[in-house]
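Peer 1: Before we start, here is the structure in question, set down as structure tokens.
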Ligand code: TA6
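Numbering (my numbering), first residue to last: 2 to 283.
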């Protein structure tokens with residue numbers, strides 16, 4: 002227990018690198034709520050009205066989404082965005098190396114998960130900070146006796162100075178599903194701008210670059226081929242009780258996800274997906 006700190010009244014783990022890079026992870030949901038690169042400032046958005054309570058998803062940071070995304074399945078009877086984000090994870094290990102700090106949190110099936118999803122599993126989230134980089138690695142292992150499909154996402158809320166000043170590169174030519182319009186299209190902008198509400202799933206995304214004034218954030222992923230862009234815009238934001246009225250201006254979710262093609266794990270099989278964020282000096 003000595004490894005734990007308090008973050009907004011919740012037990013949490015803080016990892017730090019010798020160069021001062023830091024991240025804070027709540028045990029509930031293995032939810033990264035803060036990432037400060039070395040000699041820099043907070044890069045994640047965390048709503049000042051976020052609710053910290055059992056069973057409640059925290060608004061901001063990096064919710065871990067498993068085993069379904071939204072209500073899109075593969076098992077639609079589950080809570081929206083699955084259950085990993087509201088379960089209490091365990092701290093498995095924490096250490097500081099010569100150039101990085103890292104921690105691994107685990108979640109295994111338990112009475113509550115088996116009551117809604119009758120499968121044996123282990124999840125591990127490894128969070129590593131070093132200099133200007135944050136690496137998030139989600140490991141999924143089927144410990145049960147039957148195969149099961151799952152969807153997953155690292156639902157990253159990036160802090161931005163003002164949404165209307167943000168540009169995102171790397172999407173041009175990608176096919177996307179627009180959840181607001183209910184249609185599909187090909188992205189034709191080399192630099193996507195944002196004017197308010199957006200909710201899209203881009204397939205086969207590669208490396209992305211977020212520009213926010215002089216700040217540049219590189220966003221990479223592995224094995225999580227979908228990129229979700231989400232911002233509630235002013236009207237939806239006003240309906241979210243855990244967001245301030247102007248919260249939408251200061252965040253953009255750029256999520257690394259596996260949604261459109263769920264992965265199936267046979268008994269004993271495992272899978273790893275990653276998202277990496279790199280603050281680039283101009
Ligand atoms: O990832 C986008 C999304 O699925 C949106 O549709 C939006 O509602 C958001 O996630 C937040 O979902 P939540 O359940 O955390 O309110």
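Glycine included, every Cβ here is placed at the ideal spot set by N, Cα and C.
In this structure, does DSSP put residue 163 in helix, strand or coil?
Peer 2: As a first step, residue 163 must be located in the chain shown, where it is residue number 162. It is coil, neither helix nor strand.
Peer 1: Using the three-state DSSP reduction, which class does residue 1 fall into: helix, strand or coil?
Peer 2: This structure gives no information on residue 1, because the portion of the chain shown stretches from 2 to 283.
Peer 1: Between the alpha carbons of residue 141 and residue 155, how many angstroms are there, rounded?
Peer 2: The residue given as residue 141 occupies position 140 in the chain shown. The residue given as residue 155 occupies position 154 in the chain shown. Taking the straight line joining both Cα atoms gives about 13 Å.
Peer 1: How is residue 95 classed by DSSP in three states: helix, strand or coil?
Peer 2: As a position in the chain shown, residue 95 is number 94, starting the count at 1. DSSP places residue 95 in strand when its eight states are reduced to three.
Peer 1: Just to confirm, does residue 32 get its C-beta within under 7 Å of one of the non-hydrogen atoms of the ligand TA6?
Peer 2: For the purposes of this step, residue 32 is taken as residue 31 along the chain shown, with counting starting at 1. No, since every heavy atom of the ligand TA6 falls outside the 7 Å radius drawn around the Cβ of residue 32.
Peer 1: What is the residue span of the beta strand (DSSP E) that residue 216 lies within?
Peer 2: On the chain shown, position 215 is the one that residue 216 refers to. Where residue 216 is concerned, the enclosing beta strand (DSSP E) stretches over 216-223.
Peer 1: Just the Cα atoms here: how many angstroms apart are residue 11 and residue 31?
Peer 2: Your numbering for residue 11 matches position 10 in the chain shown. Your numbering for residue 31 matches position 30 in the chain shown. Their backbone Cα atoms lie some 12 Å apart in a straight line.
Peer 1: Among residues of its own chain, excluding the 5 on either side of residue 150, which ones have a beta-carbon nearer than 6 Å to its beta-carbon?
Peer 2: The sequence position of residue 150 within the chain shown is 149, counting from 1. The answer, listed in chain order, is 75, 263, 265.
Peer 1: Among 8, 87, 18, 143, which residue has its Cα nearest to the Cα of residue 271?
Peer 2: Looking up residue 271 in the chain shown gives position 270. The residue with the shortest Cα to Cα distance from residue 271 is 143.
Peer 1: From the DSSP output, read off the bridge partner residues of residue 23.
Peer 2: Translated into the one-based positions of the chain shown, residue 23 becomes position 22. In the DSSP output, where bridge partners are listed per residue, residue 23 has 17, 37.
Peer 1: Below 8 Å, can you find three or more Cβ-Cβ pairs linking the stretch 70-89 to the stretch 112-124?
Peer 2: yes
Peer 1: Quick one: give me the first and last residue of the alpha helix (DSSP H) that residue 234 is part of.
Peer 2: Within the chain shown, residue 234 is the residue found at index 233, counting from 1. From DSSP, the alpha helix (DSSP H) with residue 234 extends over 234-240.
Peer 1: For residue 29 and residue 55, I'd like the C-alpha separation in whole angstroms.
Peer 2: For the purposes of this step, residue 29 is identified with residue 28 of the chain shown, where counting begins at 1. For the purposes of this step, residue 55 is identified with residue 54 of the chain shown, where counting begins at 1. Straight-line Cα distance between these residues: approximately 8 Å.
Peer 1: Could you check whether the Cβ of residue 238 sits closer than 7 Å to any heavy atom belonging to the ligand TA6?
Peer 2: The residue labelled residue 238 in the question sits at position 237 within the chain shown. The answer is no for residue 238.
Peer 1: Do you know offhand how far residue 81's Cα is from residue 68's?
Peer 2: Along the chain shown, read from residue 1 onward, the residue named residue 81 stands at position 80. Along the chain shown, read from residue 1 onward, the residue named residue 68 stands at position 67. Computed Cα separation, rounded: 10 Å.
Peer 1: Decide if residue 194 is buried, meaning its Cβ has at least 16 other Cβ atoms within 10 Å, or exposed.
Peer 2: In the chain shown, the residue the question calls residue 194 occupies position 193. That one is exposed.
Peer 1: Take the Cβ of residue 119 as the centre, count every other Cβ of all protein chains shown within 10 Å, and call the residue buried at 16 or more, exposed below.
Peer 2: Indexing the chain shown from 1 puts residue 119 at position 118. It is exposed - the Cβ of residue 119 has fewer than 16 other Cβ atoms within 10 Å.
Peer 1: Given this structure, state the Cα-to-Cα distance separating residue 217 from residue 62, to the nearest angstrom.
Peer 2: Locating residue 217 in the chain shown gives position 216, counting from the first residue. Locating residue 62 in the chain shown gives position 61, counting from the first residue. Cα to Cα, the separation comes out at about 18 Å.
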